[in-house]
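A.B. asks:
Residue numbers (this note's numbering), protein chains in the order written: chain B, 229 to 558; chain V, 90 to 417.
1. Residues of chain B with CB closer than 9 Å to the CB of residue 392 of chain V, please, in chain order.
2. Mind pulling the chain B residues with CB within less than 7 Å of residue 218 of chain V?
3. Excluding the 5 residues flanking residue 232 of chain B on each side, which residues of the same chain have their C-beta closer than 8 Å to its C-beta?
4. For residue 341 of chain V, would you say it is in contact with chain B, using Cβ-to-Cβ distances shorter than 8 Å as the test?
5. Which of the three DSSP states, helix, strand or coil, is assigned to residue 511 of chain B?
6. Can you name, in chain order, every residue of its own chain whose Cβ lies under 6 Å from the Cβ of residue 526 of chain B, other than the five neighbours on each side?
7. Any chance the segment 262 to 270 of chain B sits against the segment 510 to 526 of chain B, with 3 or more Cβ pairs inside 8 Å?
8. If we call anything under 8 Å between Cβ atoms a contact, is residue 542 of chain B one with residue 227 of chain V?
9. Per DSSP, which one or two residues make a beta bridge with residue 477 of chain B?
10. Please determine, among B:470, B:457 and B:469, the residue with the shortest C-alpha to C-alpha distance to residue 342 of chain B.
11. Quick one: is residue 414 of chain B buried, meaning 16 or more other Cβ sit within 10 Å of its Cβ, or exposed?
12. What did DSSP end up calling residue 324 of chain V once you bin it into helix, strand or coil?
13. Under 7 Å Cβ to Cβ from residue 293 of chain B, same chain only, skipping five residues before and after it: list those, please.
14. DSSP state of residue 394 of chain B, grouped into three classes?
15. Alpha carbon to alpha carbon, how far is residue 118 of chain V from residue 396 of chain V?
16. Can a CB atom of chain V be found closer than 8 Å to the CB of residue 365 of chain B?
17. List the whole-angstrom C-beta distance separating residue 232 of chain V from residue 191 of chain V, where the pair is believed to meet the contact cut-off of C-beta under 8 Å.
18. Taking the Cβ atom as the reference point for each residue, do residue 225 of chain V and residue 166 of chain V lie within a distance shorter than 8 Å?
19. Just to confirm the assignment, what range does the alpha helix (DSSP H) spanning residue 329 of chain B have?
20. For the alpha helix (DSSP H) containing residue 300 of chain V, name the first residue and the last one.
21. What is the DSSP secondary structure of residue 129 of chain V, counted as helix, strand or coil?
22. What is the DSSP secondary structure of residue 336 of chain V, counted as helix, strand or coil?
23. Can you confirm whether residue 364 of chain V, when its beta carbon is compared against all beta carbons of chain B, has any partner nearer than 8 Å?
24. Any Cβ of chain B within less than 8 Å of the Cβ of residue 303 of chain V?
25. Closest to residue 331 of chain V by C-alpha separation, out of V:293, V:149 and V:144, would be which residue?
26. Return the first residue and the last residue of the alpha helix (DSSP H) that residue 278 of chain B is part of.
27. Could you say if the segment 120 to 140 of chain V and the segment 381 to 390 of chain V meet the contact criterion of at least three C-beta pairs nearer than 8 Å?
28. For the structure I just gave you, are there three or more beta carbon pairs, one from the segment 282 to 292 of chain V and one from the segment 153 to 168 of chain V, closer than 8 Å?
29. Assign residue 527 of chain B to one of three DSSP states: helix, strand, or coil.
30. For residue 245 of chain V, which residues does DSSP report across the bridge?
31. Under 8 Å between C-beta atoms, does residue 347 of chain B make it to chain V?
32. For the alpha helix (DSSP H) holding residue 77 of chain V, just list the boundary residues, first then last.
33. Would you mind stating whether residue 418 of chain B and residue 300 of chain B have Cβ atoms separated by less than 8 Å?
34. Using a Cβ-Cβ cut-off of 8 Å, state whether residue 535 of chain B counts as contacting chain V.
35. For residue 298 of chain V and residue 218 of chain V, what's the separation of their Cα atoms in angstroms?
36. Assuming residue 153 of chain V and residue 268 of chain V form a contact by the criterion Cβ under 8 Å, report the distance between their Cβ atoms to the nearest whole angstrom.
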């Protein structure tokens, strides 16, 4: 460097702003999202029609709500495979209480939430205190929840939930659905918790380097257990919302959700190793998946290509993540 | 310790202690207990018919579990086994029905499909360095998707009769799937315990860096394990197709969880480095015994999953606690 260059020149305004924008981590998801929306819309304008947008937003809310919890959990360095079945079980228990035991809506919904809370607590305690890998614990919980769901209902739907619950589930506030509004609220809260609260920084620390966090005085066990409980509760909320929307308790609800939720998180930039990710990234990941699925349907591509597309996007997103991580080290 | 106690005394019941040291004992004892327990409640459990049915039912997952065990010991995992099994089964059926290939050639085609998916999984995990969880998860989606695109959701039917004979014929009184499973278990166990490749697998899983420094090509070892798992998934999928004489794209749905659970119950550690093929084999038998046993004593089929979940956690906890107590 020449001596005359002692004062570094600042980049000009536009280039500087452009670079700042590009370095935002969520760009990795936002740019493909916008690009895909534009591509699909130019192939068929139904893509961005009001009706389609409403449907897309409602459909993605269920996995989205769970994904907020899974985001916190993955950043803390764990994961939860039982979310789908816990969601189903919550809906089943809640609907059974209303239909066969005459409980009113409020207490029945609370009971549903309690299911998620308990499941999360068990997941957390076994993973953290006994030391089982989260994969195994939550896999066991998956089997148990599925079994209990089906045993309670014998595989049949449960009809007869409280009326106001059903109305809530099919209502259209502001032309959208309650599911989506709850999802948005949770994303905002989740993002706030992660970025602005001490608890959020404890989560990131625990996931980034557990030993260091412990040395720094963070009770990593409690942080992880809390994340498991939160994930369980959010799974319950999703399951209860599905129940409200369908007006029935269905033990099949939640099948195969767990991997979809994890895929969404990875696409949204959450690292499977922990310590990295944002709630905003996850929500963008959800939108991306939904846009891909809906887009393929609208341009009338064979519906089965959706799965292939999801798989490829997942691999691509994870590869990008790996490259960025490697680049950061040097 | 007194000086006079220099030679350790051999206590009576030495052989009993030695049996206790077999690592698979953790699975075999519960297995025996459960067989006795169920049989006491309903002696249908102990009939030959039930035995044959149970053994055939568990063979498909068991075959895949042999490969999954190697993979888990090496420190990786494969979530795509179910989808790959389904895909290979469909390819097998499709090649016979639509392309008119012979059974043997179609089987090779299915096997090749499994080999390629295993290769892709391996390369993604080892070269691109994606966590195995992610790369095999995407393969799961891709394989399932291609499966349904190929069949448009409809089963590939009918298939040449000779296929069905292979699926049902009993070799030496047991079914082909179980016979193949036994052979694979014997080969797999020998591979793991007695061959250099087996020791490379264990070394890579135990401590990858140390293995690499010792000169082991850990990347290559892992890729081979992925390929083997893919091939075995293909075998299992094709055997199911042979049995039901239909290439049904639903085959293999959610098999991966059962296979992994069987392996973990059998003492294979998710963290790598520990486990035996025999263990996974007994784990598979235990899972199926519990499933069949519950049905035989009249418990609602739905409680099977609850039981599996509880046992999975119990078995894994035992494994973790044993590991912990070994450290000083």
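The beta-carbon is built from N, C-alpha and C at its ideal position, and this holds for glycine as well. For clarity, every value in this text was computed on a predicted model and none was experimentally measured.
C.D. replies: Here's the rundown:
1. The residue labelled residue 392 of chain V in the question sits at position 303 within the second chain. Under the 9 Å cutoff, chain B gives 375, 376, 378 and 379.
2. As a first step, residue 218 of chain V must be located in the second chain, where it is residue number 129. Within 7 Å Cβ-Cβ: 550.
3. For the purposes of this step, residue 232 of chain B is identified with residue 4 of the first chain, where counting begins at 1. The pLDDT assigned to residue 232 of chain B is 49, lower than 50, so where the model puts this residue is not dependable; a value taken from the coordinates is nonetheless given after this. No residues qualify anywhere along the chain.
4. By 1-based counting over the second chain, the position of residue 341 of chain V is 252. So no, residue 341 of chain V is outside the interface.
5. For the purposes of this step, residue 511 of chain B is taken as the residue at position 283 of the first chain. Reduced to three states, the DSSP call for residue 511 of chain B is helix.
6. Counting from 1 along the first chain, the entry for residue 526 of chain B is found at position 298. So the qualifying residues of the chain are 272, 274 and 275.
7. yes
8. Sequence index remark: in the first chain, residue 542 of chain B carries index 314 (1-based). Sequence index remark: in the second chain, residue 227 of chain V carries index 138 (1-based). Against a cut-off of 8 Å, the Cβ pair of residue 227 of chain V and residue 542 of chain B comes out as a contact.
9. Along the first chain, read from residue 1 onward, the residue named residue 477 of chain B stands at position 249. B:386, per the DSSP bridge assignment.
10. Counting from one through the first chain, the residue named residue 342 of chain B turns up at place 114. Closest option to residue 342 of chain B, Cα to Cα, is B:457.
11. Position 186 of the first chain, counted from the start, is the residue given in the question as residue 414 of chain B. The residue in question, residue 414 of chain B, is buried, as its Cβ has 16 or more Cβ neighbours within 10 Å.
12. Reading the second chain from its first residue, position 235 is the one you call residue 324 of chain V. In this structure, residue 324 of chain V counts as helix in the three-state DSSP scheme.
13. Taking the first residue of the first chain as position 1, residue 293 of chain B is located at position 65. Same-chain partners within the cutoff: 410, 411, 414, 462, 465 and 466.
14. For the purposes of this step, residue 394 of chain B is taken as the residue at position 166 of the first chain. Looking at residue 394 of chain B - three-state DSSP - the assignment turns out to be helix.
15. The count along the second chain starts at 1 and reaches residue 118 of chain V at position 29. The count along the second chain starts at 1 and reaches residue 396 of chain V at position 307. Their Cα atoms are separated by approximately 17 Å.
16. Residue numbering aside, residue 365 of chain B sits at position 137 when the first chain is read from its first letter. Closer than 8 Å to some Cβ of chain V, the Cβ of residue 365 of chain B qualifies, so yes.
17. Within the second chain, residue 232 of chain V is the residue found at index 143, counting from 1. Within the second chain, residue 191 of chain V is the residue found at index 102, counting from 1. With 8 Å as the limit, residue 232 of chain V and residue 191 of chain V do not qualify as a contact, their Cβ atoms being about 25 Å apart.
18. For the purposes of this step, residue 225 of chain V is taken as the residue at position 136 of the second chain. For the purposes of this step, residue 166 of chain V is taken as the residue at position 77 of the second chain. Cβ distance < 8 Å, so residue 225 of chain V and residue 166 of chain V count as in contact.
19. Taking the first residue of the first chain as position 1, residue 329 of chain B is located at position 101. Counting along the chain, the alpha helix (DSSP H) containing residue 329 of chain B begins and ends at 311 to 329.
20. Counting from 1 along the second chain, the entry for residue 300 of chain V is found at position 211. Start and end: 297 to 302.
21. Mapped onto the second chain, residue 129 of chain V falls at position 40. DSSP places residue 129 of chain V in helix when its eight states are reduced to three.
22. Against the second chain, residue 336 of chain V aligns to sequence position 247. Strand.
23. In the second chain, counting from the first residue as 1, residue 364 of chain V sits at position 275. With 8 Å as the cut-off, residue 364 of chain V does not count as an interface residue toward chain B.
24. Counting from one through the second chain, the residue named residue 303 of chain V turns up at place 214. Cβ-Cβ to chain B under 8 Å: no for residue 303 of chain V.
25. One-based indexing of the second chain puts residue 331 of chain V at position 242. For the residues V:293, V:149 and V:144, the minimum Cα distance to residue 331 of chain V belongs to V:149.
26. For the purposes of this step, residue 278 of chain B is taken as the residue at position 50 of the first chain. Residues 278 to 303.
27. yes
28. yes
29. Counting from 1 along the first chain, the entry for residue 527 of chain B is found at position 299. It is coil, neither helix nor strand.
30. Your numbering for residue 245 of chain V matches position 156 in the second chain. Beta-bridge pairing links residue 245 of chain V to V:336.
31. On the first chain, position 119 is the one that residue 347 of chain B refers to. Cβ-Cβ to chain V under 8 Å: no for residue 347 of chain B.
32. Residue 77 of chain V falls outside the range modelled here, since chain V spans only 90 to 417, and no answer is possible.
33. In the first chain, residue 418 of chain B corresponds to position 190, counting from 1. In the first chain, residue 300 of chain B corresponds to position 72, counting from 1. Contact flag set, yes.
34. Your numbering for residue 535 of chain B matches position 307 in the first chain. Yes, because at least one Cβ of chain V sits closer than 8 Å to the Cβ of residue 535 of chain B.
35. Taking the first residue of the second chain as 1, we reach residue 298 of chain V at position 209. Taking the first residue of the second chain as 1, we reach residue 218 of chain V at position 129. If I take the Cα positions, the gap works out to 15 Å.
36. Within the second chain, residue 153 of chain V is the residue found at index 64, counting from 1. Within the second chain, residue 268 of chain V is the residue found at index 179, counting from 1. The pair is not a contact, with the Cβ atoms about 16 Å apart (cut-off 8 Å).
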